Structure formats: structure tokens, C-alpha cells
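What follows is one structure encoded as C-alpha cells, with my remarks underneath.
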Amino acid sequence: MERPEWVQSCLRQITDRYFHYYDVLYDLFRDEVGGALFWAWAPGRMAKFQCDFSAMISPAMFGEFMVPVLNEMCSRVSYCMLPLGRPGALPHHSHLLSIKPLKMLQWTPGAGHEETWQPRWWPLYHRTFDAGKKMLIGCDTLESLLRLKKEFGPQFQAVPD
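Residue numbers (the numbering used here): 1374 to 1534.
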């Protein structure tokens, strides 16, 4: 709060260094179709970006500091996702939906909260799907999976673990 220019400068350095090493590793590990395994396989440049610190800052600060960085980072890969972890990060959901190149969110409610397949979280998923994003949602049983498929229809695709 006291030195926003310094924070912006640090974020610039972190982003530049991240992609310096990402590019080196991508060139080493990509397969014959350009696919890469950075947390999950995708048929191109893939990354799982994180911002755990988001639970400790306001939506205004998230918009000022993290949205530009995440927008740039997501635009530098073909496939990206970001875990939205714990209810403290929920105030940033709208900001995340505004990041056009962000393809997927992963919801992790955290200890002591209902699991990802519970109806409590369905409004969050509907907003995410309506914004054209995908969701990575954990599921415990076939019954839970079928309830999710019934609720979300064709936009919900099950992927075996």
C-alpha cells in the first residue's frame, strides 16, 4: 500500500523471470505436437498460474496489481488455468472472469467448507461457465457426478482421474 510502484516493479521482474525459465523448460519438454506437461498435458503451451496471496488483498488491489499480470501471463500460453482457493479468494472471481485468455478455474473450498461438488458452489460455477470459462471440479461419487451433469448440461464434461 505504501509503495505501489515498487510492487509493480517486482511483479514485472517476477513475470519476466518466470517466462524466461518457462520458455527454457518448454523447449526441453514439449512433445512432437508442441504439447507440454506443466501440471497437466495440453496440445501447446500450458501453465497453472497461482496467486495465493489474493486471499489477503482487496478486490481493488487485486484489480490494480494482479489482473494486468495474470492477463499478460495467460496471453503468453495457449492453455492456462488458475486455482481459486478458499472463500477468501472469492471476491476476486469477477476480476478473474474478466481475463479473456484465462481458460479455466479450479475451485478449492478449503478445510471446513463443503466439497466442490456440493450445490452451495453451483452459482459460482454457473457464473464461470456463463463467462465462457471452464471449471476443474473434484467429485466424490458417480451420483455427485451425475448431479453436476444434470445441473450444468452439455457444458459439463467429466474427465477421468
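Note that beta-carbon positions come from the ideal geometry of N, C-alpha and C, so glycine has one too.
Predicted model only: the values in this text are computed from it and were never measured.
Classify residue i as buried or exposed, calling it buried when 16 or more other Cβ atoms lie within 10 Å of its own Cβ.
| i | result |
| --- | --- |
| Trp1369 | Since the first residue of the chain shown is 1374 and the last is 1534, residue 1369 is not available in this structure. |
| Ala1318 | Residue 1318 lies beyond the residue range present for the chain, which begins at 1374 and ends at 1534; the question has no answer from this structure. |
| Lys1473 | exposed |
| Met1419 | buried |
| Cys1453 | buried |
| Met1374 | exposed |
Which first and last residues belong to the alpha helix (DSSP H) in which residue i is found?
| i | result |
| --- | --- |
| Leu1519 | 1515 to 1525 |
| Trp1495 | 1495 to 1503 |
| Cys1447 | 1440 to 1448 |
| Leu1470 | 1466 to 1470 |
Whose CA, out of the options, lies closest to the CA of residue i?
| i | options | result |
| --- | --- | --- |
| Arg1449 | Glu1487, His1393, Asp1425 | His1393 |
| Gly1461 | Pro1474, Ser1431, Ile1472, Leu1470 | Ser1431 |
| Ala1484 | Gln1530, Arg1459, Lys1506, His1465 | Arg1459 |
| Glu1487 | Pro1377, Ile1510, Lys1523, Met1446 | Ile1510 |
| Cys1447 | Thr1514, Met1374, Ser1471, Arg1376 | Ser1471 |
| Gln1423 | Pro1416, Gly1417, Trp1412 | Trp1412 |
| Lys1476 | Leu1519, Gly1505, Pro1464, Pro1492 | Gly1505 |
| Asp1425 | Ser1467, Asp1513, Leu1463, Trp1495 | Leu1463 |
Following the continuous beta strand (DSSP E) through residue i, name the residue where it begins and the one where it ends.
| i | result |
| --- | --- |
| Thr1489 | No beta strand (DSSP E) holds Thr1489; DSSP gives it neither H nor E. |
| Gln1386 | Segment 1377 to 1402 is the alpha helix (DSSP H) holding Gln1386; no beta strand (DSSP E) there. |
| Leu1509 | 1507 to 1509 |
| Cys1512 | Counting along the chain, Cys1512 falls outside any beta strand (DSSP E), and DSSP gives it neither H nor E. |
| Gln1537 | Residue 1537 lies beyond the range of the chain shown here (1374 to 1534); nothing can be said about it. |
Excluding the 5 residues flanking residue i on each side, which residues of the same chain have their C-beta closer than 6 Å to its C-beta?
| i | result |
| --- | --- |
| Leu1457 | Leu1478, Trp1480 |
So, for residue i: in the same chain, excluding its five sequence neighbours on each side, which residues have a beta-carbon less than 8 Å away from its beta-carbon?
| i | result |
| --- | --- |
| Trp1414 | Gly1408 |
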